[in-house]
Structures are given as structure tokens and as C-alpha cells.
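In order, the protein sequence lines correspond to chains R and U. Be aware that the first sequence starts at 1, since it is given in the numbering used here, and climbs by one per residue. Be aware that the second sequence starts at 114, since it is given in the numbering used here, and climbs by one per residue. Note that beta-carbon positions come from the ideal geometry of N, C-alpha and C, so glycine has one too.
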Amino acid sequence: AQKITQTQPGMFVQEKEAVTLDCTYDTSDPSYGLFWYKQPSSGEMIFLIYQGSYDQQNATEGRYSLNFQKARKSANLVISASQLGDSAMYFCAMQGAGTALIFGKGTTLSVSS
Amino acid sequence: DTAVSQTPKYLVTQMGNDKSIKCEQNLGHDTMYWYKQDSKKFLKIMFSYNNKELIINETVPNRFSPKSPDKAHLNLHINSLELGDSAVYFCASSQDNGLYEQYFGPGTRLTVT
């Protein structure tokens, strides 16, 4: 069975600092995708970044990068130069080939000035 | 030019009633989904349709019935509403049912009293 674990219920960071949100996963599928979504207090779900299991390089999208360590089954999200607008809940998610997207329990990030 | 839209945004109703939530996407995607986010913010897949065909049907009470009249629309009808159905329901779409990012609608907050 597939499983996603986010062990940090809450994280705090100061503006302009980098922060890492942890995510570990478990699957027996050789082909899978890892996703990060942001949910601000307004409630919408915003796609941030995707990493495929066969991708050789870590995914990056602007200030977001995904630290993919396949052997350790981890897919941590790194946000560089945090901004106040980054305060939100962040969800790690995984999908196997032909299976549903499953989500972790989320990490609430608070950015202070 | 909203990509994935849902109506209504809020729905307050009494136990035992029947209600529907509508979803439309203008992204030209083949696959659409319904998710339920509970009071602890946990997101879980309910249904997935690919080109109007049901491909994922998680363990959901049969009081919930999705309908896809065409690949741009996926509606959710709920019969005999119960208190435990109170949640935020998200519609999402993706290019197809492979490993692609999903784009979410704004959510419908359902409150059953």
C-alpha cells in the first residue's frame, strides 16, 4: 500500500530565510510521481512542484525545489527566501501509475517578519 | 477565465436533504476528480472520471453519486445528507489519468445541520 508521511505539524521561519518541509513516502510501484500543494487560509489548493520517480534531477520551480532522495524515500520541499505570503498549509502527495493521488496530513508554515 | 470552477461555494442544509455540487473545467483535460477535505484538513480522493468514464471509486457511501455529462463537467450528488458529510469538497482535473499535476477548484464548504 502507498503511504505519505509528513511529520511536522507546524514550522516557523523568518522572512528571507530558507525552510525545508519534510515528506517521506512508501510505495512498491517503480513508477510514481511526487507532488507538493499549497493551501493558504483562503482555502484553495495550489500546485507547486512535481517530481517523477525516474527523474534524475531534483525539480525546481522558482523559489521551490524538491529534494528527492529515492533510496531514502523522501521528497522534501525547500522554499528559499521565504515571504509572508508563503504562510499556508503545505501538502505532500504521491501517485502511482494508474492509482489515486494520496495526500499527507500537511504542514502548517508560518512566516514572520 | 477560471480553470476549474465549482458551484456553490457554500452549502448549508439539513440532515436528510439531497444536494448537488457542480464542477466545470475549461483546461481541456480528460480526467476529473472529487476530493473530500475533513475538519482536520485531511484530503481524500472520492471519485475519478476519465473521458466521462468512472475509473476510481474509493470507499464512499453510495449516497454519493458522481455524474459526468461530458469531459468538462463532473457533478456530485449527495442523497440523505448526514452530519458527517460536513466537509470541504474539491473538484480537480488533470491532463489525463497519468502522472500529471491536478488543478483544483476553489472548493465547496458543505455544512449539514
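To which residues does DSSP link residue i through a beta bridge?
i	result
Tyr64/R	Glu61/R and Ile79/R
Cys92/R	Trp36/R
Leu163/U	Per the sequence shown, the amino acid found at residue 163/U is Asn instead of Leu. DSSP output for Asn163/U lists Thr144/U and Glu166/U as bridge partner(s).
Phe103/R	Ala93/R
Arg222/U	Tyr123/U and Val201/U
Gly10/R	Thr108/R
Gly52/R	Gly33/R
Excluding the five sequence neighbours on either side, which residues of its own chain have a C-beta within less than 7 Å of the C-beta of residue i, listed in chain order?
i	result
Asn170/U	Phe160
Arg16/R	Position check: residue 16/R holds Lys in this sequence, whereas Arg was assumed. Same-chain partners within the cutoff: Ala81 and Ser82.
Ile168/U	Ser161, Tyr162 and Asn210
Thr24/R	Thr5, Lys73 and Ser74
Lys165/U	Ser181, Asp183 and Lys184
Arg176/U	Ile191, Asn192 and Ser193
Leaving out five residues on either side along the sequence, give the residues of the same chain with a beta carbon under 6 Å from the beta carbon of residue i.
i	result
Met89/R	Gln39, Gly106 and Thr108
Thr224/U	Val125 and Ser199
Gln208/U	His142
Gln95/R	Gly33 and Leu101
Val173/U	Met159
Thr226/U	Gln127
Phe12/R	Ser110
Have a look at the options and flag the residue whose alpha-carbon is nearest the alpha-carbon of residue i.
i	options	result
Leu66/R	Gln56/R, Gln57/R, Arg72/R and Leu77/R	Leu77/R
Tyr50/R	Glu44/R, Glu61/R and Ser42/R	Glu61/R
Lys3/R	Ser110/R, Thr99/R and Ser113/R	Thr99/R
Arg63/R	Gly85/R, Glu44/R and Gly10/R	Gly85/R
Gln138/U	Lys157/U, Leu156/U, Leu187/U and Gly197/U	Leu187/U
Ala1/R	Gly10/R, Phe12/R and Asp29/R	Asp29/R
Met145/U	Lys153/U, Leu196/U and Pro179/U	Pro179/U
Spatial neighbours of residue i within its chain, please: C-beta separation below 8 Å, excluding the five flanking residues on both sides.
i	result
Gly220/U	Gln119, Lys122, Gln150, Val201, Tyr202 and Phe203
Ala18/R	Val78, Ile79, Ser80, Ala81 and Ser82
Ala59/R	Ile49, Tyr50, Gln51, Ser65, Leu66 and Phe68
Asp22/R	Gln6, Thr7, Gln8, Ser74, Asn76 and Thr107
Gln14/R	Ser82, Val111, Ser112 and Ser113
Ala93/R	Ile4, Leu34, Phe35, Trp36, Tyr37, Leu101, Ile102, Phe103 and Gly104
Ala97/R	Asp29, Ser31 and Tyr32
Between residue i and chain B, is there a C-beta pair that is closer than 8 Å?
i	result
Phe68/R	Checking the listed chains, one finds no chain B in this structure; the protein chains it contains are R and U.
| said: Is it the case that the region 198-214 of chain U contacts the region 19-39 of chain R, given that we only count it when at least three CB pairs across the two stretches are under 8 Å? | reply: yes
| said: Under 8 Å: do the region 130-146 of chain U and the region 179-191 of chain U share three or more Cβ pairs, one atom per stretch? | reply: yes
| message | If we require 3 or more residues per run, which beta strand (DSSP E) segments fall completely within the region 169-195 of chain U? | response | 177-183 and 186-191
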